[in-house]
Amino acid sequence: MVFLRKRRFHAFLLLAAMLALLFFISNSRLPQAGDGDCGAAWQPCFRSRMQNPLAPPDWVESDEAWQPNECPGQSFQAWLLLENLKLSMEDSNDILLEPYLQSWDQLLNFMDSLGSVVSFFSQKVKEKVTLLREQSIRHSTGAEGRREAYRTVRSMVETELKEEVVNFSHRTNSGCRTLLRLHRSLLWLKLLLEGLAEGPDIHGHQRTPGELSRDAYRVALAPHHPWFLRQAAEMVFFALPDRQYFLKLVCVQSQNEATPILRTIIRALTLVHKQTQQILAENDMLELP
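If you use mature numbering (1 follows the signal peptide of the UniProt record, and there is no 0), the sequence shown corresponds to residues -28 to -1, 1 to 261, in order.
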């Protein structure tokens, strides 16, 4: 029995090391975003139009009172995530790209707060957020029509189709392909939060964050990843912090306090995901290589 446990432990270490190596190789040539880089040529500073950051978001359908708290000294702020999601949906038939990317800034803060076990996924997301911002900057100069090209998801799709940037048979660095990858990761996070919002089942069992992350990964990301990465991810997720740690990220002490906040966030993520899904589906872009 001791021998089997040692073998499993060694297998976990090997998979984690190989995953870290894969992460290092895949990121060695790409710039990394950080707060200190705000305003750099490849990372513009997007300013939110917030009025009262702690006001309950009346645009979210919910029968539960949400009492938001600003978490001092913490990078992830639930109220700021919700505010940016709200701004991204100001056009009811579209997604505004700048606040959408600002939402991802907060989601990345959430992911980074979980530690190095999810660093591979968070770094890949950072790459894609950076790529979309780079493309937005390139289109922000010149004629008015060019400046509007990456204002929304629909305008980006229309521009890239017109300019034949998108390819449906082989990989390109189009904004549409990059958005699709972010879209899949958004589903993973949404499913994870849905699990965290749940209480114990009828038998009193409550799934751990590791189990929730694994199950969400199997639905949202695993179908698009190679076998090796799937196997590594399955093991790494079980090193996630416990549920109480997740509660602290939204500044609450109990599951009952966390549930209305998480459900509000989930509702907002669902609306953004649904609208993005519709735009991509309309243009047959849900399976871009």
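Backbone N, C-alpha and C fix where the C-beta goes; we use that ideal spot for every residue, glycine too. Here the structure is a predicted model, which is why all the values come from computation and not from measurement.
- Rounded to whole angstroms, the separation of the alpha carbons of residue 181 and residue 65 is 34 Å.
- For the pair residue 102 and residue 228, the Cα-to-Cα distance works out to about 37 Å.
- Contact between residue 234 and residue 222 holds, with the beta-carbon distance rounding to 7 Å and staying under 8 Å.
- For residue 124, the pairing in a beta bridge is given by DSSP as 68.
- Within its own chain, the residues whose Cβ lies closer than 7 Å to the Cβ of residue 43, once the five positions on either side in sequence are excluded, are 49 and 223, listed in chain order.
- Straight across, the Cα-Cα distance linking residue 79 with residue 257 is about 24 Å.
- Assigned with DSSP and collapsed to three states, residue 207 falls in helix.
- Cβ-Cβ distances below 6 Å link residue 146 to 132, 137 and 138 in the same chain, with the five nearest sequence neighbours on each side left out; the list follows chain order.
- Between residue 240 and residue 59, the beta carbon gap of about 11 Å keeps them out of contact (Cβ cut-off 8 Å).
- Within the segment 226 to 256, the runs of alpha helix (DSSP H) that reach at least 4 residues and sit entirely inside it are, in chain order, 227 to 254.
- Boundaries of the alpha helix (DSSP H) harbouring residue 182: 181 to 192, taken from the DSSP string.
- DSSP places residue 84 within a helical segment (H, G or I) once states are collapsed to three.
- Close CB contacts of residue 62 within its chain, under the 7 Å cut and outside five residues either way in sequence, are with 68 (chain order).
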